[in-house]
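Q:
Residue numbers (the working numbering), protein chains in the order written: chain A, 1 to 375; chain B, 1001 to 1279.
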């Protein structure tokens, strides 16, 4: 993000790959699951495992398990297609009776909760475990569901996250909707031509405010709403997105003027970016630095919520607001908030937008460690 | 460390139910009370009038089912659909759409239908519901495999308590079809919807106390012959609570629904004065 470089590469996924660019995680193919978890073998759970093993996250979860007990930690994860890639593989290798091949017949892999069950088993957690699947807002909404569980005392900690992996369903599905770009995606560019699909795993451990050493970023609020407009096109005036924004600001108890940074949904689809740019232009001061990180990662779909929540928290932690990579000339509908270049500077309050099919919207508000005291 | 108690309560303001042999809550309620038999001849899938005629034909089974019970529950609750956040729970989502997607990808991937693709998202029913009713409140869609009903109920109950407002819960699964049937077990169509309220009002049917308990429990077996006949559907985990609501006036033992391998959602349904009048 600091270097402003894109990780997108020409699509080489699957047979007869479409002419587009993808955000492919290198090395998934050569990273099998440990033997104890081998029953879960599939690209999505491999990616989940790679994510859990990054950044000492497993150690943090183990420590939380010691503090609270395994039954007091929820698993709330989001995905759009979960391990459907394994199901697609089975359909290309059906046996003579039209059944799944014997080596790809684990029912727990061919169902959307595969992700939640895998994470629960991999980390030996025993609290409530649920997979939220609201398309591209999935792993933003996990923060909202987990916050409610923490607030009500249902659990003392929640492992939230999201994983989506490259598969035929999304590459050819978005292609059918004419939303896939032939070039690396250029969010908010006047000549943007669609999305670049990516894959990712992201996780966070949430606890109540009085836990830890006080240095962690804070989830200050969340907003959720529905467009009530169309299954795959955003509301033309962004009414649903604005409602989620209003809900998020109200729950956080802050005004739009207090926002230093916004990680936008910014997919580089013609319609999303137009609607979102207008919303930002009419609601935020020019000082708010708004950008999309999808030119770096691609659109990681059901994982985008948590990936961009993590990017937002990194912006707070490191005092650096990323730019909008790949974008050359901003669409004239963009206001002064929209930035192509990254900039250094303190970030105290930052938002992350996630909007999905079905008109499903979620806005998260994060703050620095002192944010709760300032309110 | 003092763990806050994991318990709460809510009222049920309305129930809706649909299966091909029990196409409506009044029939299902009577059948769960052993007072009526399910239909001998199953009826065709519902055609919710919330959808335009063309959509009614084209909609996936999950969408038709979910909208049917959601509309019936909201109508019975006397509330405005636009005022209710919603939680849609389904074990597998639309298995027929998944079968179509995977079969088409295996044969001719560039011919995927854009409509089928956007209907393949797990929140398709939630999307159609909010579009059809003009509801801009939050909507969620979730799965927890065989604990999907319990997890959906916990999510709806926590929204209800956390924000002190009524919430619509819709739960459904459809028949496994195509090659997916070799790995996904689900027979027939089954859907139910509950309107949850933070506390009992004049319209409430039952009050429910819930708590999380660290115990390993098996899914409770349905008590009535009618409910047992639906046990093959992947959302059959909803049946014990629906039976408990249907028979709340007779008093009943608390239920323990498995939520995770060593965690149960304990539920106790209390009849309210209005129970009989509203049956």
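Using N, Cα and C, we set each Cβ at its ideal position, and we do this for glycine too.
Which runs of the beta strand (DSSP E) at least 3 residues long sit entirely within the region 224-301 of chain A? Give them in chain order.
A: 261-263, 289-291
Q: For chain A, is any of its Cβ atoms less than 8 Å away from the one on residue 1258 of chain B?
A: Here the question's residue 1258 of chain B lines up with position 258 in the second chain. Residue 1258 of chain B does not count as touching chain A.
Q: How about residue 1092 of chain B: is its C-beta nearer than 8 Å to some C-beta of chain A?
A: If you number the second chain from 1, residue 1092 of chain B lands on position 92. Interface residue, yes.
Q: Leaving out the 5 sequence neighbours to the left and right, which residues in its chain are closer than 8 Å to residue 233 of chain A when beta-carbon positions are compared?
A: Residue 233 of chain A sits at position 233 when you count from the first residue of the first chain. Around residue 233 of chain A: 271.
Q: Is the beta carbon of residue 220 of chain A closer than 8 Å to that of residue 365 of chain A?
A: Translated into the one-based positions of the first chain, residue 365 of chain A becomes position 365. Translated into the one-based positions of the first chain, residue 220 of chain A becomes position 220. Yes. Within cutoff.
Q: Let me make sure I understand the geometry here. Which of A:96, A:82, A:187 has the alpha-carbon closest to that of residue 334 of chain A?
A: Taking the first residue of the first chain as 1, we reach residue 334 of chain A at position 334. Comparing Cα positions, the closest option is A:187.
Q: If you count every other CB in all the chains shown that lies within 10 Å of the CB of residue 378 of chain A, and 16 or more means buried, which is it?
A: In the structure displayed, chain A extends from 1 to 375; residue 378 of chain A sits before or after that span and is not available.
Q: Counting only Cβ pairs nearer than 9 Å, list the residues of chain B close to residue 73 of chain A.
A: As a working note, residue 73 of chain A is residue 73 in the first chain. Under the 9 Å cutoff, chain B gives no residues; its nearest Cβ is about 11 Å from residue 73 of chain A.
Q: Kindly indicate the opening and closing residues of the beta strand (DSSP E) around residue 1045 of chain B.
A: Numbered from its first residue, the second chain carries residue 1045 of chain B at position 45. Element bounds for residue 1045 of chain B: n/a, residue is neither H nor E.
Q: State yes or no: is the beta carbon of residue 1011 of chain B nearer than 8 Å to at least one beta carbon in chain A?
A: The count along the second chain starts at 1 and reaches residue 1011 of chain B at position 11. It does not: the Cβ of residue 1011 of chain B has no partner Cβ on chain A nearer than 8 Å.
Q: Under 8 Å between the Cβ atoms of residue 1118 of chain B and residue 1 of chain A?
A: For the purposes of this step, residue 1118 of chain B is taken as residue 118 along the second chain, with counting starting at 1. For the purposes of this step, residue 1 of chain A is taken as residue 1 along the first chain, with counting starting at 1. With contacts defined as CB atoms closer than 8 Å, residue 1118 of chain B and residue 1 of chain A fail to qualify as a contacting pair.
Q: Where does residue 1111 of chain B land, buried or exposed, given buried means 16+ other C-beta within 10 angstroms?
A: Position 111 of the second chain, counted from the start, is the residue given in the question as residue 1111 of chain B. Exposed, by the Cβ-count rule.
Q: So, do the region 1252-1266 of chain B and the region 1194-1202 of chain B have three or more beta carbon pairs nearer to each other than 8 Å?
A: no
Q: So, do the region 1015-1032 of chain B and the region 1067-1081 of chain B have three or more beta carbon pairs nearer to each other than 8 Å?
A: yes
Q: Can you give me, in chain order, the residues of the region 127-146 of chain A that have a beta carbon less than 7 Å from any beta carbon in chain B?
A: 127, 128, 129, 130, 131, 132, 133, 134, 135, 141, 145
Q: Nearest chain B C-beta to residue 154 of chain A closer than 8 Å, yes or no?
A: On the first chain, position 154 is the one that residue 154 of chain A refers to. Chain B contact via Cβ: present.
Q: For the region 1143-1169 of chain B, enumerate the residues whose C-beta is nearer than 7 Å to any C-beta of chain A, in chain order.
A: For the region 1143-1169 of chain B, which is checked against every Cβ of chain A, the residues closer than 7 Å are 1143, 1144, 1145, 1151, 1154, 1155, 1158, 1159, 1161, 1162.
Q: Please compile the residues from chain A whose C-beta is within a distance smaller than 7 Å of the C-beta of residue 1008 of chain B.
A: Taking the first residue of the second chain as 1, we reach residue 1008 of chain B at position 8. Neighbours of residue 1008 of chain B on chain A, chain order: 152.
Q: Is there a Cβ of chain A sitting closer than 8 Å to that of residue 1055 of chain B, yes or no?
A: In the second chain, the residue the question calls residue 1055 of chain B occupies position 55. Judged by the 8 Å Cβ criterion, residue 1055 of chain B is not in contact with chain A.
Q: So what does DSSP say about residue 1007 of chain B, is it helix, strand or coil?
A: Taking the first residue of the second chain as 1, we reach residue 1007 of chain B at position 7. Here residue 1007 of chain B sits in strand by DSSP.
Q: Compare the Cα-Cα distances from residue 67 of chain A to each of A:158, A:91, A:117 and report the closest residue.
A: On the first chain, position 67 is the one that residue 67 of chain A refers to. Looking at the Cα atoms, A:158 is the closest of the given residues.
Q: Exposed or buried, which one is residue 35 of chain A when buried takes at least 16 other CB atoms within 10 Å?
A: One-based indexing of the first chain puts residue 35 of chain A at position 35. Residue 35 of chain A should be labelled exposed.
Q: Can you pull out the residues from the region 1167-1190 of chain B whose beta carbon lies closer than 9 Å to at least one beta carbon of chain A?
A: Flagged, chain order: 1178, 1179, 1180, 1181, 1182, 1183, 1184, 1185.
Q: Going by the beta-carbon positions, is the gap between residue 80 of chain A and residue 1130 of chain B smaller than 8 Å?
A: Here residue 80 of chain A refers to the residue found at position 80 of the first chain. Here residue 1130 of chain B refers to the residue found at position 130 of the second chain. Going by C-beta atoms, residue 80 of chain A is not nearer than 8 Å to residue 1130 of chain B.
Q: Using a Cβ-Cβ cut-off of less than 8 Å, give me the residues of the region 1117-1134 of chain B that come near chain A, in sequence order.
A: 1117, 1118, 1119, 1120, 1121, 1122, 1123, 1124, 1126, 1127, 1128, 1130, 1131, 1133, 1134
Q: Taking the continuous alpha helix (DSSP H) assigned at residue 151 of chain A, which residues delimit it?
A: Within the first chain, residue 151 of chain A is the residue found at index 151, counting from 1. Boundaries of the alpha helix (DSSP H) harbouring residue 151 of chain A: 138-151, taken from the DSSP string.
Q: May I have a chain-ordered list of the alpha helix (DSSP H) segments no shorter than 4 residues that lie completely inside the region 1110-1162 of chain B?
A: Complete alpha helix (DSSP H) runs here, min 4: 1114-1119, 1124-1133.
Q: Jot down the residue ranges of each uninterrupted beta strand (DSSP E) in the region 200-224 of chain A, minimum 3 residues, whole runs only, in chain order.
A: 200-207
Q: Ignore the nearest five residues each way along the sequence and tell me which others in residue 42 of chain A's own chain have a CB closer than 6 Å to its CB.
A: Taking the first chain and counting its residues from 1, one reaches residue 42 of chain A at position 42. Excluding sequence neighbours, residue 42 of chain A sits near 83, 86, 109.
Q: In chain order, which continuous runs of the beta strand (DSSP E) of length 3 or greater are located wholly inside the region 1071-1101 of chain B?
A: Those beta strand (DSSP E) runs which fall completely within the region 1071-1101 of chain B and span 3+ residues are 1086-1089.
Q: Would you list the residues sitting across from residue 1258 of chain B in a DSSP beta bridge?
A: To locate residue 1258 of chain B, count along the second chain from 1; it is residue 258. The partner list for residue 1258 of chain B (beta bridge, DSSP) reads B:1264.
Q: Would residue 1101 of chain B and residue 1172 of chain B qualify as a contact pair, given that the criterion is a beta-carbon distance under 8 Å?
A: Along the second chain, read from residue 1 onward, the residue named residue 1101 of chain B stands at position 101. Along the second chain, read from residue 1 onward, the residue named residue 1172 of chain B stands at position 172. Not closer than 8 Å, so no.
Q: So, does the region 138-146 of chain A touch the region 113-121 of chain A, judging by three or more C-beta pairs under 8 Å?
A: no
Q: What does residue 1065 of chain B touch in chain A if you count any residue whose Cβ is under 7 Å from its own?
A: In the second chain, the residue the question calls residue 1065 of chain B occupies position 65. Per Cβ cutoff of 7 Å: no residues; residue 1065 of chain B is ~16 Å from chain A at best.
Q: For residue 1002 of chain B, does the three-state DSSP call read helix, strand or coil?
A: The residue you call residue 1002 of chain B lines up with position 2 of the second chain. Unreliable positioning characterises residue 1002 of chain B in this predicted model, as indicated by a pLDDT of 43, which lies under 50. A coordinate reading is not provided.
Q: I'd like to know if the region 1207-1216 of chain B and the region 1245-1264 of chain B are in contact, where contact means that at least 3 CB-CB pairs between them fall below 8 Å.
A: Yes, since at least three Cβ pairs between the region 1207-1216 of chain B and the region 1245-1264 of chain B fall closer than 8 Å, the two stretches touch.
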